[in-house]
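**Q**
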Amino acid sequence: MNDLDVLTSVAGAVLGPGPHAVVDLLDVVPGVQVDAVRAADDLLPRLAHEESLANILLLAHASLRPGGVLVAAVPEFDRLGVLKPTAPPPKVNGDRVTVQLWDWAPDGLSYGLEVVTLLRGISGWEISGTAATRHRVLSAAEMENGLHAAGFVSVQRLAPGESGHRVPVWVAVR
Numbered sequence: 008m009n010d011l012d013v014l015t016s017v018a019g020a021v022l023g024p025g026p027h028a029v030v031d032l033l034d035v036v037p038g039v040q041v042d043a044v045r046a047a048d049d050l051l052p053r054l055a056h057e058e059s060l061a062n063i064l065l066l067a068h069a070s071l072r073p074g075g076v077l078v079a080a081v082p083e084f085d086r087l088g089v090l091k092p093t094a095p096p097p098k099v100n101g102d103r104v105t106v107q108l109w110d111w112a113p114d115g116l117s118y119g120l121e122v123v124t125l126l127r128g129i130s131g132w133e134i135s136g137t138a139a140t141r142h143r144v145l146s147a148a149e150m151e152n153g154l155h156a157a158g159f160v161s162v163q164r165l166a167p168g169e170s171g172h173r174v175p176v177w178v179a180v181r
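Residue numbering for the sequence shown follows this note's numbering, starting at 8 and increasing by one per position.
Structural data, given as structure tokens:
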């Protein structure tokens, strides 16, 4: 099951039986209400770095019908900011290897993220693509406060073992 499927499953568990309209946070259409909005694990830290977190949480809240749910996976790197690691282990999938490189700010509150994808070619490994963004570290307290400030009435943090996702998942009900 991929990350988005896990988030959809968590939303379904909260909402109960029935078909549910689920959209990704970046696909929200102002004025159109849905049952669930989901956000993958790098989206909110990237938007927080761009100082857009409060606005995007307000948009998510407004796009949900009453009782609707925001399900957001958010890595908790606040402890890592002290250690400033340069990379997690690479992900290997057959002839494709994905490497993340982290460039931490001196204060440990943000980091540059560069993702490099390598493919095994005829003459060895070749770079097939790169992408770079900047993320702000979001603490659990900051997430909880931001969700309440956006108007969510019930906010819960699920540990990876509870949600089945590899990073903590926030569940916020309108």
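Yeah, the Cβ is synthetic: ideal placement off N, Cα and C, and Gly gets one too.
From a predicted model like this one, the values you see are computed outputs, not experimental measurements.
Is the separation between the beta-carbon of A179 and that of L65 shorter than 8 angstroms?
**A** Cβ atoms of A179 and L65: not closer than 8 angstroms.
**Q** Classify S117 as helix, strand or coil using the three-state DSSP reduction.
**A** If DSSP states are grouped into helix, strand and coil, S117 belongs with the strands.
**Q** Is the segment 35–51 in contact with the segment 10–24, if contact means three or more CB pairs nearer than 8 angstroms?
**A** The segment 35–51 vs the segment 10–24: in contact.
**Q** Need the endpoints of the alpha helix (DSSP H) that V89 sits in, please.
**A** Run containing V89: L87 to L90, per the alpha helix (DSSP H) assignment.
**Q** To the nearest angstrom, how far is it from the Cα of G119 to the Cα of L60?
**A** Approximately 17 angstroms between the Cα atoms of the pair.
**Q** Alpha helix (DSSP H) containing R53: first to last residue?
**A** First-last of the alpha helix (DSSP H) with R53: L50 to H56.
**Q** Just to confirm my understanding: we take G74, look at its own chain, exclude 5 residues before and 5 after, and list those with CB closer than 6 angstroms. What are they?
**A** So no residue of the chain qualifies.
**Q** At the level of alpha carbons, what is the spacing between T137 and V122?
**A** One C-alpha to the other measures close to 5 angstroms.
**Q** I need the DSSP call for D110, collapsed to helix, strand or coil.
**A** In this structure, D110 counts as strand in the three-state DSSP scheme.
**Q** Mind checking which residues open and close the beta strand (DSSP E) that includes A184?
**A** Absent from the model: residue 184. The displayed extent of the chain is 8 to 181, so no value can be given.
**Q** Quick one: what's V21 bridged to in DSSP?
**A** Beta-bridge pairing links V21 to no other residue.
**Q** Can you look up L32 in the DSSP assignment and give me helix, strand or coil?
**A** If DSSP states are grouped into helix, strand and coil, L32 belongs with the helices.
**Q** Identify whether H172 lies in helix, strand or coil by the three-state DSSP scheme.
**A** H172: coil per DSSP, three-state reduction.
**Q** Out of L165, M150, P167 and A166, which has the shortest C-alpha to C-alpha gap to F159?
**A** For the residues L165, M150, P167 and A166, the minimum Cα distance to F159 belongs to M150.
**Q** Three-state secondary structure (DSSP) at T15?
**A** Helix at T15.
**Q** Do H142 and S117 have their C-beta atoms closer together than 8 angstroms?
**A** Taking 8 angstroms as the Cβ cut-off, H142 and S117 qualify as a contacting pair.
**Q** Can you give me the C-alpha to C-alpha distance between P37 and G168, rounded to a whole angstrom?
**A** Approximately 34 angstroms, taken between the alpha carbons.
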